[in-house]
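Protein chains in written order, with the working numbering: chain A, 121 to 741; chain B, 3 to 176.
The next block holds one structure in the form of structure tokens; read it before the comments.
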Ligand SMILES: Nc1ncnc2c1ncn2[C@@H]1O[C@H](COP(=O)(O)OP(=O)(O)OP(=O)(O)O)[C@@H](O)[C@H]1O
Ligand SMILES: [Mg+2]
């Protein structure tokens, strides 16, 4: 018997063991990975010292992929198989993509989310994003020398449920344990706020490559409270490029160009835009496939004119966010600029004018989101105990269900602090009705057709009654990742019918398994080995957590109860070296189940502690 | 710990319309600091599930107590009165007439794209809303006249809706 493997629980808790956790900024244009090292958040570079990874994936005929700079450089040679800005397609149908005409891809309209036809087969944006995440995961594991415990992945604050779910699925597909989906402006505020030890109201203006967010936050000692958020998840630097691109075509007297030229001219447009940030004019030169020579000068003034309406388009959400927060621009103490597009001088000027102050640009707008995400990942992984801060974020868009006449009844209003649950009662409208279909929507508009459809499901088994007698309670629960689950139950008669749905565009476990198989078929890595490694990381995390709980709150258990929990830990530890996936899974589940009561007691103790502290404070006053 | 105890008890406060906003904020934060899901991201499933439930509960209670309107409705609900239920007596004529005038002024301001007029309307309505809340405080905390408080709250809700429309109008005028 391998006695040595049976460590005494509580002693092996290794409280100072550092868990490897990272923050990942999965951007439209560029992605980054960062981690906290020796107490400082740092971006992890590639082997050539570059921090950014262009979010570009090229698919090859043999199913292999190239990701990043190399893929980007060859984009115009292979436009159909090189996916740029896949984030714009996450959780989106084909009709949601405003600029399909200027994109070279072969789109396949699939229910829920658009897909792209490549030489390596039809790919969903989730799979494309997963390729980017895999590269970052590998970069991090090489740099840190071990399996990651988990990652915080950032999303635009204004991402709706479909887009968030797609992002989480991509992370799962890349083999990452998601500690939390974190809103990009909030991540930036963490990096910024902790650096500056600031208190007061801050606005974070985040204009990246494909998305725009504005968040209004209140920073008080140790608490980051998001008061309101707004934005446009289809507005970014790409749109500025497109304006230049259209101008070039117009100047050249062209209606349209071939797909290779599209990709090439969009790249030229972006170069010109970035050049204009530090120069009064930019030269655009190119030779088209037809042999036609393009040679134009774009002045800053002309660029400002072409893009003035885009700049304005960002100010309306600023106004709305302030109004939702019940604040005026004058009450904002600082405006933090995030995202590469905030380098455009005209944008800095417009934002400065709007808020009546010079925006803060002292942190690198490309890196600040990843740095903040890493800081939060370090906390969530449990590496930091003292002087933690609290992050209170919100739902960006109202959630509701369809009612009679194609109208939406809001159940969770926008800017509700998460996690949040709301219930609403509905009834049947026909005698003897035994089923009710429920259509879940997100958005601010009144008409169903103007909101995003998240899921449809039917509640069956309602006992037949006269119209209006049944009481159907629909409950929305939004978790700390901002993800929604919906429950419906008939309560009027005492007979319960109950259904829980995850929104329909999310991937099922089977789909994830299939995609994993496919993607590993071309990789050297063996999918079984991969899954085993992940199971072990999860199991170890649970053991650590339980041991830490025993060390801290063991007094809440009787001697017998403690022995039972310890036996489950020992059992799971014993299974780890076996390499038997099913056995490890079973032992993990057993430990999970066996600690439910312990968890409840600990939570009660926490609540009591909070209230006790509060009362002592009051007495002290 | 009773998950279903009333919102005031959850934060260790005495039920009343007049609350110490700072004490409420502090109690809410102290509670979230202990039970927020971020504190349990590395813990087991059971902990994570409970944390979501408790944090949801804390948010619900905090929202209900933070806004004076919601707080008043909640206090009345504790007295068994659903202040917003349909079928109450109609609002006073004088109040409705003032509202009609304000609506006309709003429509005019939108047509004329007159920001100053919108501003004036907003400020006047806010002042009126504040006054109503003062009455509610008196009716609930001192006179314990809950039925009368419910009526004032229904007027208050009218003004809230109007303020939301003024907000909408700012967007339209732009
Ligand atoms: N010097 C510059 N001047 C103008 N624009 C710039 C400059 N540098 C970068 N950009 C623009 O910033 C955008 C990329 O910014 P960033 O890397 O922050 O976006 P992202 O994080 O990938 O996107 P998102 O946050 O929208 O998902 C691109 O549109 C790029 O052209
Ligand atoms: Mg970004």
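A virtual CB, placed ideally from N, CA and C, is assigned to each residue, including glycine.
Determine the DSSP secondary structure at residue 100/B, reduced to helix, strand or coil.
helix
Given a cut-off of 7 Å, decide if residue 351/A and residue 329/A are closer than it, judged by their beta-carbon atoms.
no
Heavy atom of ligand 1 less than 6 Å from the Cβ of residue 108/A, yes or no?
Because chain A spans 121 through 741 in this model, residue 108/A falls outside it and cannot be assessed.
For residue 70/B, which three-state DSSP category applies?
helix
Presumed contact (8 Å Cβ cut-off) between residue 13/B and residue 35/B, rounded CB distance
In fact, because the Cβ distance is near 13 Å, the residues do not count as touching under 8 Å.
Residue 459/A Cβ short of 6 Å to ligand 2 heavy atom set
Judged by the Cβ position, residue 459/A qualifies as a neighbour of ligand 2 at the 6 Å threshold, a heavy atom of the ligand being closer than this.
Is the region 250 to 263 of chain A touching the region 140 to 151 of chain A in the sense that three or more CB pairs, one from each, lie closer than 8 Å?
yes
To the nearest angstrom, how far is the alpha carbon of residue 135/A from that of residue 665/A?
Note that residue 135/A scores a pLDDT of 46, beneath 50, so its modelled location is shaky; the value from the coordinates is reported in the next line. The straight-line gap from Cα to Cα measures roughly 10 Å.
Residue 736/A classed as buried or exposed, judged by whether at least 16 other C-beta atoms fall within 10 angstroms
Legend: pLDDT at residue 736/A = 41, less than 50; position of this residue unreliable, no value from coordinates given.
Around the Cβ of residue 158/B, are there at least 16 other Cβ atoms within 10 angstroms (buried) or fewer (exposed)?
buried
At least 3 beta-carbon pairs within less than 8 Å: the region 570 to 580 of chain A vs the region 552 to 561 of chain A
yes
What residues from the region 158 to 171 of chain A come within 8 Å of chain B, judged by C-beta to C-beta, listed N to C?
So the list is empty, because no residue satisfies the distance condition.
Let me confirm a value: residue 192/A is counted as buried when at least 16 other C-beta atoms fall within 10 Å, else exposed. Which label applies?
buried
From residue 68/B to residue 536/A, what distance separates their C-alpha atoms?
Whole-angstrom Cα-Cα distance: 13 Å.
Let's test the definition: count the other Cβ atoms within 10 Å of the Cβ of residue 680/A and tell me whether it reaches 16, buried, or not, exposed.
exposed
Secondary structure of residue 572/A, DSSP reduced to three states:
If DSSP states are grouped into helix, strand and coil, residue 572/A belongs with the strands.
Residues in the region 582 to 610 of chain A with C-beta within 8 Å of chain B's C-beta atoms, listed in sequence order?
597, 599 and 600
Nearest residue (CA-CA) to residue 170/B, options 297/A, 437/A and 362/A:
Shortest Cα-Cα distance from residue 170/B to any of 297/A, 437/A and 362/A involves 437/A.
In whole angstroms, what is the alpha-carbon distance linking residue 332/A and residue 216/A?
16 Å
Listed by chain order, chain A residues near residue 38/B by CB distance under 7 Å
Chain-ordered, the chain A residues with CB closer than 7 Å to the CB of residue 38/B read 510.
Cβ neighbour criterion (16 or more within 10 Å) applied to residue 128/A:
Because the pLDDT at residue 128/A is just 37, under 50, the model does not fix this residue reliably, and the value given afterwards should be weighed accordingly. With fewer than 16 Cβ atoms within 10 Å of its Cβ, residue 128/A is classed as exposed.
Please confirm whether residue 16/B has its beta-carbon closer than 7 Å to some beta-carbon of chain A.
no
My output table needs one value for residue 166/B: the three-state DSSP class, helix, strand or coil.
helix
Would you call the region 370 to 387 of chain A in contact with the region 467 to 475 of chain A, where contact means no fewer than 3 C-beta pairs closer than 8 Å?
Judged by Cβ distances under 8 Å, the region 370 to 387 of chain A makes no contact with the region 467 to 475 of chain A, as fewer than three pairs qualify.
Could you check whether the Cβ of residue 47/B sits closer than 7 Å to any Cβ belonging to chain A?
yes
Going straight from the alpha carbon of residue 277/A to that of residue 324/A, what length do you get?
11 Å
Beta-carbon within less than 6 Å of residue 305/A's beta-carbon, same chain only, minus the 5 sequence neighbours each way: which residues are those?
Same-chain partners within the cutoff: 277, 324, 326, 333 and 335.
Run through the region 358 to 440 of chain A for me and flag every whole alpha helix (DSSP H) of 4 or more residues, listed as ranges in chain order.
379 to 396
Check distances from the C-beta atoms of the region 52 to 66 of chain B to those of chain A and list, in chain order, the residues that come in under 8 Å.
52, 53, 54, 56, 57, 58, 61, 62, 64 and 65
Does the region 136 to 145 of chain B touch the region 117 to 127 of chain B, meaning 3 or more C-beta pairs lie closer than 8 Å?
Between the region 117 to 127 of chain B and the region 136 to 145 of chain B there are fewer than three C-beta pairs closer than 8 Å, too few to call the two in contact.
Cβ-based burial, residue 228/A [other Cβ within 10 Å; buried from 16]
By the 10 Å Cβ count, residue 228/A comes out exposed.
So, helix, strand or coil for residue 159/B, using DSSP?
helix
Beta-carbon separation of residue 200/A and residue 180/A under 7 Å?
At least 7 Å separates the beta-carbon of residue 200/A from that of residue 180/A.
Count Cβ pairs between the region 515 to 523 of chain A and the region 51 to 70 of chain B that sit closer than 8 Å; are there 3 or more?
No, the region 515 to 523 of chain A is not in contact with the region 51 to 70 of chain B.
Leaving out the 5 sequence neighbours to the left and right, which residues in its chain are closer than 7 Å to residue 407/A when beta-carbon positions are compared?
413
Distance check for residue 283/A and residue 156/A, CA to CA, integer angstroms please.
Rounded to the nearest angstrom, the gap between the Cα atoms of residue 156/A and residue 283/A is 27 Å.
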